[in-house]
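Student:
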Amino acid sequence: MKKNDKDEKLSRFYDELRRERQQTHRSYRDRALSILPHVCALCGREFEGKKLRELTVHHKDHNHDNNPADGSNWELLCMYCHDELHERGDDAQWYGDSSPVKKNNTQSGFKAFEGLDKLLAGKRKPEIKDG
Numbered sequence: 499m500k501k502n503d504k505d506e507k508l509s510r511f512y513d514e515l516r517r518e519r520q521q522t523h524r525s526y527r528d529r530a531l532s533i534l535p536h537v538c539a540l541c542g543r544e545f546e547g548k549k550l551r552e553l554t555v556h557h558k559d560h561n562h563d564n565n566p567a568d569g570s571n572w573e574l575l576c577m578y579c580h581d582e583l584h585e586r587g588d589d590a591q592w593y594g595d596s597s598p599v600k601k602n603n604t605q606s607g608f609k610a611f612e613g614l615d616k617l618l619a620g621k622r623k624p625e626i627k628d629g
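Residue numbering for the sequence shown follows my numbering, beginning at 499 and increasing consecutively.
#1: Helix or strand or just coil, what does DSSP make of C538?
#2: May I have the straight-line CA-CA distance separating A493 from L531, to the nearest angstrom?
#3: How many Å lie between E544 and D615 at the Cα?
#4: How about N565 and Y526: are their beta carbons less than 7 Å apart?
#5: From K627, A619, R517, L534, pick the residue whose C-alpha is nearest to that of A567; which is it?
#6: How close, in whole Å, do the beta carbons of L583 and V537 come, if the pair is a contact with beta carbons under 8 Å?
#7: Tell me the residue span of the alpha helix (DSSP H) that contains H562.
#8: Distance, Cα to Cα, E506 vs Q520?
#9: Looking only at C-alpha atoms, which of L618, R516, R510, C576 sits nearest to E552?
#10: When you compare each of D559, D513, N571, R510 to R529 by their alpha carbons, which one comes out closest?
#11: Go ahead and pull the three-state DSSP assignment for E612.
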C-alpha cells in the first residue's frame, strides 16, 4: 500500500469520526433545547433567537456518552457559566486528584504587616495648626 493511500484512508477515517461526533452533539443538543427551558441553570439568563447558540449542554455526570432521552443528565448553561464551572474545579468530584484545576493551599508563612502595630505604637499623629 502506498503512503498516499494510507494518508487518504486515515484522512477519511478522521473526517467520518468528526462527522459522527458533530451529529451526536447536534442530536443531544437539539433534544436538550426542545426539552429544557432556554435559561442558564447557573446565572438564570434567558436566551432566544440568535442568542440560543450561547447555550451549551452540560453533562451533569461528565459522561458525554450518557444521553438519556428524558434529558436527566443535562443542564443548559451559557458558555460563560459552563467555562466557569469547569475552570473553578467543580468537576474535581468527577476527576478526583487528576482534575485539570489544581488548588494551591500552601501558605508561605510571610506576613506583610507583622510587627507594624509595634512600630506605630510610639508614633503620634502630627498636630495640624490652622494658620
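Ideal Cβ placement from N, Cα and C applies to all residues, glycine included.
Tutor: According to the structure shown:
#1: coil
#2: Residue 493 lies beyond the residue range present for the chain, which begins at 499 and ends at 629; the question has no answer from this structure.
#3: 52 Å
#4: Here N565 is near Y526, since their CB atoms are less than 7 Å apart.
#5: L534
#6: Between V537 and L583 the Cβ distance is about 16 Å, and since that is not below 8 Å, they are no contact.
#7: First-last for H562: undefined, no H or E at that position.
#8: Each residue's Cα considered, the two are about 21 Å apart.
#9: C576
#10: Looking at the Cα atoms, N571 is the closest of the given residues.
#11: coil
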